[in-house]
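Here's the structure, in structure tokens; my notes come after.
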Amino acid sequence: MLVLIKENSHQMSLEGALQVATQIKLKPDSVIGFATGSTPLDMYKELIRMHKDEGLDFSKIVSFNLDEYVGLHPTHPESYHYFMWENLFKHININPTNVHIPMGMADNISEFCNWYEQKINSYGGIDLQILGIGANGHIAFNEPGSSLGSRTRIKTLGQKTRLDNSRFFNEIDEVPQYAITMGVGTIMEAKKLLLLASGLNKADAIKATVEGPIMAKYPATIVQYHRYATIIIDKEAASQLEGEYIDSSL
Ligand code: GLP
């Protein structure tokens, strides 16, 4: 696991974008796993800039998103479909038929989840999976207590996650109670992981993820087992770490 500590969250985003761009340049038909949340927003802005100014070509990539709220229509402004199109996809030359985001309105959710797993496999798996992290150590919507071998499925959202995400809704009661999420096992099968975190409210989760014991209480801790995981964090998110990590200036 490579831990890169950057001066601030903007530097974190630039580094993240550089790593995603490098992946796409090396393999133009890369399968990229995308994440939502406020953390990757600035990185997505930089990827859009790279597309517009430098011609970074997304036309052959295939995308799979980590998760989606159950019950939100893709046109709902807080759905992850809407988020991805507004904040990235509509600004780049991705082929819409290559975009995959869990269907929160699926009639048969377990059938949909099996289909999603098969679809990922049909492309040979995910080359690079972008991840954020919840303040409680969740990845995607794999809440504390999630099985570390879990696959794409429906999860009940914990009170902490609903509270954290209520900032995007009018009130907490509007935050859906369930989500479809790639499992921890699904995420771990990606060939590379890129986990981003910034801010003091992520410092405990990062401490547990990088230096704590691996446990279902903090699903993100499993990334310690991944052979090609890169953690890009700002100084605030790194503030609880005790180990020596690569200097942000390197
Ligand atoms: C949500 C998403 C996660 C994301 C997390 C952190 O719960 N399902 O994929 O990592 O929020 O979000 P933020 O980046 O806004 O802190």
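Residue numbering for the sequence shown is 13 to 262, as defined by our numbering.
Note that the Cβ used here is the ideal one computed from N, Cα and C, for glycine as well.
Fair warning: this is a prediction, and the values are worked out from it, not measured in the lab.
message = Quick check: does the Cβ of residue 216 come within less than 6 Å of any heavy atom belonging to the ligand GLP?
response = No, the ligand GLP has no heavy atom inside 6 Å of this Cβ.
message = Mapping the DSSP letters down to three states, classify residue 198 as helix, strand or coil.
response = Correct three-state label for residue 198: helix.
task = Please work out which residues of its chain come closer than 6 Å, Cβ to Cβ, to residue 47, disregarding the five sequence neighbours upstream and downstream, and give them in chain order.
result = In chain order, 78, 142, 143, 144 place their CB closer than 6 Å to the CB of residue 47, counting only its own chain and leaving out the 5 sequence neighbours on each side.
ask   = Taking 6 Å as the cut-off, is the CB of residue 241 close to at least one heavy atom of the ligand GLP?
value = Distance from the C-beta of residue 241 to the nearest heavy atom of the ligand GLP is not below 6 Å.
request  = Label residue 61 either buried or exposed according to how many other C-beta atoms from any shown protein chain fall within 10 Å of its C-beta, with 16 as the threshold for buried.
outcome  = Residue 61 comes out exposed.
key: Cβ-based burial, residue 134 [other Cβ within 10 Å; buried from 16]   = Residue 134 is exposed by the Cβ-count criterion.
query = Within 10 angstroms of its Cβ, does residue 171 collect 16 or more other Cβ (buried), or is it exposed?
reply = Residue 171 comes out exposed.
ask   = Just the residues with CB closer than 6 Å to a heavy atom of the ligand GDP, in chain order, which are they?
value = This structure simply doesn't include the ligand GDP; it includes the ligand GLP instead.
message = Give me the DSSP bridge partner(s) of residue 107.
response = According to DSSP, which records beta bridges pairwise, residue 107 is partnered with nothing at all.
message = Would the stretch 92-105 count as touching the stretch 56-70 if we require 3 or more Cβ pairs under 8 Å?
response = Counting C-beta pairs closer than 8 Å gives three or more between the stretch 92-105 and the stretch 56-70, which meets the contact rule.
key: Candidates 196, 177, 197, 195, of which the one nearest residue 188 by Cα   = For residue 188, the closest alpha carbon among the candidates 196, 177, 197, 195 is that of 177.
query = Taking C-beta to C-beta, are residue 125 and residue 164 nearer than 7 Å?
reply = Cβ atoms of residue 125 and residue 164: closer than 7 Å.
ask   = Which whole runs of the beta strand (DSSP E) in the stretch 171-229 are 3 residues long or more, in chain order?
value = Correct list: 190-193, 204-209.
ask   = Taking Cβ to Cβ, would you say residue 166 is nearer than 7 Å to residue 190?
value = It is a contact, given that the beta carbons lie within the stated cut-off.
query = Looking at residue 242 and residue 14, is the spacing between their C-beta atoms short of 7 Å?
reply = Going by C-beta atoms, residue 14 is nearer than 7 Å to residue 242.
key: Alpha carbon of residue 136 to alpha carbon of residue 44, nearest angstrom   = Approximately 12 Å between the Cα atoms of the pair.
query = How about residue 16 and residue 244: do their beta carbons lie closer than 7 Å?
reply = The answer is yes: Cβ separation under 7 Å.
Host alpha helix (DSSP H) of residue 133 (start-end) = The continuous alpha helix (DSSP H) containing residue 133 extends over residues 121-134.
inquiry  = Could you compute how far the alpha carbon of residue 22 sits from the alpha carbon of residue 138?
reply    = Answer to the nearest angstrom: the Cα atoms are 26 Å apart.
message = What residue range does the alpha helix (DSSP H) around residue 92 cover?
response = For residue 92, the enclosing alpha helix (DSSP H) covers residues 92-99.
request  = Out of 246, 41, 29, point me to the one whose CA is closest to residue 111's CA.
outcome  = Closest by alpha carbon: 41.
ask   = Using the C-alpha atoms, what's the distance from residue 72 back to residue 146?
value = Their Cα atoms are separated by approximately 31 Å.
query = Around the Cβ of residue 92, are there at least 16 other Cβ atoms within 10 angstroms (buried) or fewer (exposed)?
reply = Buried, by the Cβ-count rule.
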